[in-house]
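K.L.:
FYI, the UniProt record's numbering numbers position 98 of the sequence shown as 98, with every residue one higher than the one before it. Where is the CB? At the ideal position from N, CA and C, for every residue including glycine. On a predicted model such as this, the values are computed, not experimentally measured, just so you know. Take a look at the following structure, please.
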Amino acid sequence: MIAEGRNEQHLTLSERMKLLSSGTKYDSCNQSAVCHAFGPDGRCIQLYKTLLSNSCSGECAYCPNRCERDTMRATISPEEIAKITWSFYRRNAIEGLFLSSGIMGDAEQTSQKQLEVVELLRGQGFKGYINIRVMPGTPKYLLEQIAEHANKFGVNAETTNSINYSEICPNFDYKNDVLQRLKWTKDLIQKKRKEYSGMGRLVGANDTQFVVGAVSESDKDIVRTVDKFMDKYELRRPYFMSFDPVPDTPLEDGTPSPKWREQRLYQMSFLLKDYGLNANDFDDIYDEYGFLGNSDPKVMLAQSQPDRFPVDINSADMSDLLLVPGIGPISANRIIRTRPIASEQELARMGVVVTHARPYISINGSGQSNLASFMGACS
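Structure follows, in structure tokens:
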């Protein structure tokens, strides 16, 4: 049953836009109508972000839009969303649309409305980026139709396993309503890549989101799940949203998750995605309960393996260079292409953060003898 909440009859379009943009609290970016996200080419882009409706039949325990909560409800029609998107787009305020929704009756009905939006926009000649956050339980035939028009689409996992999911999202089944949709999304994206091969069209990658801190799962659990999803569902972009208790919800007395925890999980996901590491590589940097501290996990990983450093800039292979704090995939490639390297100044020009890298590298035999002596000198 969907709670009617307070009457939306007298709300203006601007008021509904504001309400529905703020209603995306647990959907991947901030609560303004225009937000930043990453496109399929990795570039940061601006999107108009909104819900179709914050009326919802779901009972998610953390969500401000859950069905039993007394709150103002609003809906924007597909035609209104298309008009607003075009208005922002023509003023160069956005490069596309991020569309989610409360569950309006059921997943099929809601996804049909989302499909109406993308079909309307594409039918009007809209060439911008479209990301659809589909509902758990969305039928496969609607996913297939959404895939014809959207650059990216995916379902939120929210947590790491069925037990946790049933605790915070009791209306849905983790295996069937979420994991099966992640698999279908992977399959559809693979199909689109084959169809567009050689045509220069960018196809988005599978993504999902975790609400961090709503249940008692550890950072280690989350990282292992992300690693598994990257392998099984070709997940490229996990999003993390810090749990923040909402009044008049079952978790209103819960403890807010610190923002730094969200930040550290993003850093861990980049290490998994871009640095060739896997979840097991991080086992030594968690505390006894499986949680990260508020420190750069790449630095923590380096400090946990002092015997591996310093690495010689002029002979180290790619995997060893990527373990050095201050060196990323781009700068590591530049180092390998440019070697031999004679100075820290050369490294800085390649994008290396030398102050971070210095304790972990040597150049032509010159450098800190080992990490332990560096740490001792700094203590």
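#1: Kindly list the residues whose CB is nearer than 6 Å to the CB of F153, restricted to its own chain and excluding five residues on each side of it in sequence; keep chain order.
#2: DSSP three-state call for E148: helix, strand or coil?
#3: Can you tell me where the beta strand (DSSP E) holding Q190 begins and where it ends?
#4: Assign R66 to one of three DSSP states: helix, strand, or coil.
#5: Among residues of its own chain, excluding the 5 on either side of N164, which ones have a beta-carbon nearer than 7 Å to its beta-carbon?
#6: In whole angstroms, what separates the C-alpha of L115 from that of W184?
#7: Closest to D227 by CA distance: which of L272, H356 and T75 is it?
#8: Please classify L99 as buried or exposed, where buried requires at least 16 other C-beta atoms within 10 Å of its C-beta.
#9: Please work out which residues of its chain come closer than 8 Å, Cβ to Cβ, to E252, disregarding the five sequence neighbours upstream and downstream, and give them in chain order.
#10: In the DSSP assignment, find the unbroken alpha helix (DSSP H) run with D177 in it and report its ends.
#11: Per DSSP, what kind of secondary structure is S77 in: helix, strand or coil?
#12: For the alpha helix (DSSP H) that R337 lies in, which residues bound it at each end?
#13: Got a sec? Which residues, its chain only, sit under 7 Å from M318 by beta carbon, not counting five neighbours each side?
#14: What do you get for E288, buried or exposed, if any count of 16 or more other CB atoms within 10 angstroms of its CB means buried?
#15: Hey, how far is the Cα of R334 from the Cα of M350?
#16: Could you tell me which residues DSSP pairs with L143 in its beta bridges?
#17: Going by beta-carbon coordinates alone, are I76 and Y48 separated by less than 8 Å?
#18: What do you reckon, are the CB atoms on E158 and F210 nearer than 8 Å?
#19: Of the residues K140, S242 and Y129, which one's Cα is nearest the Cα of K259?
#20: How would you call N151, buried or exposed, if buried means at least 16 neighbouring beta carbons within 10 angstroms?
#21: Please report the distance separating the alpha-carbon of N364 from that of K18.
#22: For P238, which beta-bridge partners are listed by DSSP?
#23: Measuring straight from C-alpha to C-alpha, what distance separates T249 and N156?
#24: When you compare only the Cα positions, how much space is there between D283 and E262?
#25: Work out the CA separation of A74 and C56 for me, nearest whole Å.
#26: So what does T50 bridge to, in DSSP terms?
#27: Out of curiosity, what's the CA-to-CA distance linking K220 and E68?
#28: What does a CB cutoff of less than 8 Å around V34 pick up in its chain, not counting 5 residues either side in sequence?
#29: First and last residue of the beta strand (DSSP E) that includes R133?
#30: What does E158 pair with, by DSSP beta-bridge criteria?
#31: Residues in the same chain with beta-carbon distance under 6 Å from S28, minus the five sequence neighbours each way, listed in chain order, please.
#32: Using the three-state DSSP reduction, which class does N30 fall into: helix, strand or coil?
#33: When the distance is taken between beta carbons, is L182 closer than 8 Å to G143?
#34: Can you list, in chain order, the residues of its chain with a C-beta nearer than 7 Å to that of K191? Leave out the 5 residues immediately preceding and following it.
#35: Taking the alpha-carbon positions, what's the A302 to K194 distance?
#36: Could you name the residues that DSSP lists as bridge partners for D312?
P.N.:
Let me lay it out:
#1: Translated into the one-based positions of the sequence shown, residue 153 becomes position 153. Hits under 6 Å: I132, V134 and I146.
#2: Here residue 148 corresponds to residue number 148 of the sequence shown, with the count starting at 1. E148 carries a coil assignment under DSSP once its states are collapsed to helix, strand and coil.
#3: Reading the sequence shown from its first residue, position 190 is the one you call residue 190. Note, Q190: premise wrong, no beta strand (DSSP E); alpha helix (DSSP H) at Q180 to Y196.
#4: In the sequence shown, the residue the question calls residue 66 occupies position 66. Coil, per DSSP.
#5: Stepping through the sequence shown from its first residue, residue 164 is reached at position 164. Result list for N164: V215 and E217, in chain order.
#6: Here residue 115 corresponds to residue number 115 of the sequence shown, with the count starting at 1. Here residue 184 corresponds to residue number 184 of the sequence shown, with the count starting at 1. Here the alpha carbon of L115 sits roughly 17 Å from the alpha carbon of W184.
#7: Against the sequence shown, residue 227 aligns to sequence position 227. Answer by Cα proximity: L272.
#8: Position 99 of the sequence shown, counted from the first residue, corresponds to residue 99. L99 should be labelled buried.
#9: One-based indexing of the sequence shown puts residue 252 at position 252. So the list reads P245 and V246, once near-sequence residues are dropped.
#10: Sequence index remark: in the sequence shown, residue 177 carries index 177 (1-based). D177 -> no alpha helix (DSSP H), and no H or E assigned at all.
#11: Residue mapping note: residue 77 aligns to position 77 of the sequence shown, counting from 1. S77 falls in the coil class under three-state DSSP.
#12: Here residue 337 refers to the residue found at position 337 of the sequence shown. Start and end: P329 to T338.
#13: Here residue 318 refers to the residue found at position 318 of the sequence shown. Closer than 7 Å at the Cβ level, and outside the excluded window around M318, lie A332 and I336.
#14: Here residue 288 is taken as the residue at index 288 of the sequence shown, counted from 1. It counts as exposed.
#15: Taking the first residue of the sequence shown as position 1, residue 334 is located at position 334. Taking the first residue of the sequence shown as position 1, residue 350 is located at position 350. Note on geometry: alpha-carbon atoms of R334 and M350 lie some 6 Å from one another.
#16: Locating residue 143 in the sequence shown gives position 143, counting from the first residue. Answer is none; L143 lacks a bridge partner.
#17: Locating residue 76 in the sequence shown gives position 76, where the first residue counts as 1. Locating residue 48 in the sequence shown gives position 48, where the first residue counts as 1. No. Outside cutoff.
#18: As a working mapping, residue 158 is identified with position 158 in the sequence shown. As a working mapping, residue 210 is identified with position 210 in the sequence shown. Less than 8 Å separates the beta-carbon of E158 from that of F210.
#19: Start at 1 with the first residue of the sequence shown, and residue 259 comes out as number 259. The residue with the shortest Cα to Cα distance from K259 is S242.
#20: Taking the first residue of the sequence shown as 1, we reach residue 151 at position 151. With 16 or more other Cβ atoms within 10 Å, it is buried.
#21: What you label residue 364 is simply residue 364 of the sequence shown in a count that begins at 1. What you label residue 18 is simply residue 18 of the sequence shown in a count that begins at 1. About 59 Å.
#22: Counted from its first residue, the sequence shown places residue 238 at position 238. Paired residues: T208.
#23: Translated into positions along the sequence shown, residue 249 becomes position 249. Translated into positions along the sequence shown, residue 156 becomes position 156. Taking the straight line joining both Cα atoms gives about 20 Å.
#24: In the sequence shown, counting from the first residue as 1, residue 283 sits at position 283. In the sequence shown, counting from the first residue as 1, residue 262 sits at position 262. Rounded to the nearest whole angstrom, the CA to CA distance from D283 to E262 is 19 Å.
#25: Here residue 56 corresponds to residue number 56 of the sequence shown, with the count starting at 1. Here residue 74 corresponds to residue number 74 of the sequence shown, with the count starting at 1. One C-alpha to the other measures close to 11 Å.
#26: By one-based count along the sequence shown, residue 50 stands at place 50. T50 is bridged to L99.
#27: Sequence index remark: in the sequence shown, residue 220 carries index 220 (1-based). Sequence index remark: in the sequence shown, residue 68 carries index 68 (1-based). Taking the straight line from one Cα to the other gives about 33 Å.
#28: The residue labelled residue 34 in the question sits at position 34 within the sequence shown. Excluding positions up to five away in sequence, the list reads Q46, L47, Y48, K49, F88, A93 and I94.
#29: On the sequence shown, residue 133 is found 133 positions in, with the first residue counted as 1. Per DSSP, R133 belongs to the beta strand (DSSP E) from Y129 to R133.
#30: Stepping through the sequence shown from its first residue, residue 158 is reached at position 158. Looking at the DSSP assignment, E158 forms a beta bridge with F210.
#31: Along the sequence shown, read from residue 1 onward, the residue named residue 28 stands at position 28. Residue placement at S28 is poorly supported in this model, since its pLDDT is 49, which falls under 50; the coordinates still yield a value, given next. The residues are Q209 and Y239.
#32: In the sequence shown, residue 30 corresponds to position 30, counting from 1. Low local confidence applies: a pLDDT of 47 at N30 is under 50, so the model's placement there is unreliable, and no value is given.
#33: Taking the sequence shown and counting its residues from 1, one reaches residue 143 at position 143. Taking the sequence shown and counting its residues from 1, one reaches residue 182 at position 182. The identity of residue 143 in the sequence shown is Leu, whereas the question assumes Gly. Their beta carbons are not under 8 Å apart, which means L143 does not touch L182 by this criterion.
#34: Locating residue 191 in the sequence shown gives position 191, where the first residue counts as 1. Closer than 7 Å at Cβ, skipping near neighbours: no residue.
#35: If you number the sequence shown from 1, residue 302 lands on position 302. If you number the sequence shown from 1, residue 194 lands on position 194. Looking at the two C-alpha atoms, the distance is approximately 39 Å.
#36: Walking along the sequence shown from the start, residue 312 turns up at place 312. Per DSSP, S362.
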